[in-house]
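Be aware that the sequence shown starts at 111, since it is given in our numbering, and climbs by one per residue.
All residues carry an ideal CB built from backbone N, CA and C; glycine is no exception.
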Amino acid sequence: MTASSNESRINLTRIAHVFYTHREIDKAHHFLLDFGFREVKRVGNDIYYRGTSSEPFVYCARQGDQDGFGGAAFVVESESDLFAATKLPGATGIYDLGNAPGGGRCVTFHDPIDKFPFHLVYGQEAHADEKVLPQLDYNFVSRTFTTHHSKRMISTHKCWVTTGSVARGMKTAGALDVISWAVRSSIIGMPPNTTLSKVNSNTHLIKKV
């Protein structure tokens with residue numbers, strides 16, 4: 111790889127948060143609380159939620175006329191990556207996230223094919239209250255555990271949310287709102303009134319009923 115291509119690369123470190131617009135914001139709010147998110151701030155029509163990680167927020171719910179995906183935000187390695195992102199076609203300039211929890215700076219651009227937005231952030235202040243959840247042992251084809259003990263869901267399911275539980279998508283089927291989540295099976299904790307279907311060894315679908 112040439113030096114010029116290395117210099118133009120934008121380095122991402124992790125996913126930070128996602129944005130969704132909800133037509134029925136109250137229903138979405140109650141679902142998110144039941145799922146285990148915690149509300150941290152409201153600004154206008156935006157509600158910010160966090161989980162158990164150090165991210166200042168992982169989900170922003172926005173009230174709007176139609177349900178929709180507002181894009182995912184990724185943390186970049188340095189501020190120079192933000193400046194590089196401003197050179198992308200249709201990208202915004204660097205703007206402050208003063209109203210959002212954790213602050214920071216951001217650049218937004220759109221996918222050239224699907225047109226949904228990407229957000230790149232830098233300089234957010236991490237939340238001090240981070241919980242480290244235990245890793246549960248599950249049997250897989252490649253590894254098994256011979257210690258036999260039950261793995262019951264704890265009653266305080268609201269402890270079981272991390273940035274690995276980010277929303278994968280949302281769609282509306284008539285009057286029923288179905289929200290699909292990509293959840294690590296090792297930390298899954300289902301709230302009441304949900305159904306669970308297995309997609310693969312690490313991914314499940316949780317549906318509000």
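Taking only heavy atoms of the ligand ADP into account, decide whether any of them is closer than 8 Å to the Cβ of residue i.
i: Leu143; result: Because no ligand of any kind appears in the structure shown, any question about the ligand ADP cannot be addressed here.
Would you tell me roughly how many angstroms separate the C-alpha atoms of residue i and residue j, rounded to the nearest one?
i: Arg172; j: Glu187; result: 28 Å
i: Glu134; j: Leu143; result: 15 Å
i: Ser118; j: Val251; result: 42 Å
i: Lys225; j: Thr254; result: 44 Å
i: Arg160; j: Val168; result: 5 Å
i: Phe145; j: His139; result: 10 Å
i: Val185; j: His229; result: 9 Å
i: Phe141; j: Gly180; result: 18 Å
i: Lys197; j: Gly203; result: 9 Å
Could you tell me which residues DSSP puts in a beta bridge with residue i?
i: Glu149; result: Tyr159
i: Thr131; result: Arg172 and Gly178
i: Phe184; result: Ile125 and Leu230
Is residue i helix, strand or coil when you go by DSSP?
i: Ile120; result: coil
i: Phe141; result: helix
i: Ser190; result: helix
Counting only the same chain and skipping the five closest in sequence on each side, list residues whose C-beta sits under 6 Å from that of residue i.
i: Pro166; result: Pro211, Gly212, Gln234 and His237
i: Ile120; result: Asp191, Ala194 and Ala195
i: Gly178; result: Thr131
i: Asn155; result: Arg172 and Gln173
Please go through the same chain and pick out, in chain order, the residues whose beta-carbon is closer than 8 Å to the beta-carbon of residue i, but skip the five residues on each side of it.
i: Pro222; result: Pro199
i: Leu207; result: Gly213, Gly214, Arg215, Cys216, Val231 and Gln234
i: Ala201; result: Ala195, Val217, Thr218 and Phe219
For residue i, collect the residues of the same chain with a Cβ closer than 7 Å to its Cβ; drop the 5 residues on either side in sequence, then sort them by chain order.
i: His127; result: Glu165, Phe167, Val168, Tyr169, Cys170 and Ala183
i: Val405; result: Residue coverage of the chain in this structure runs from 111 to 319, which leaves residue 405 outside it and unanswerable.
Would you say residue i reaches chain B, if we count a Cβ-Cβ gap shorter than 9 Å as a contact?
i: Ala182; result: Looking for chain B here will not work: only one protein chain is present.
key: Those runs of the beta strand (DSSP E) which lie wholly inside the region 194-243 and span at least 3 residues   = Segments of the beta strand (DSSP E) lying fully in the region 194-243: 215-220 and 227-232.
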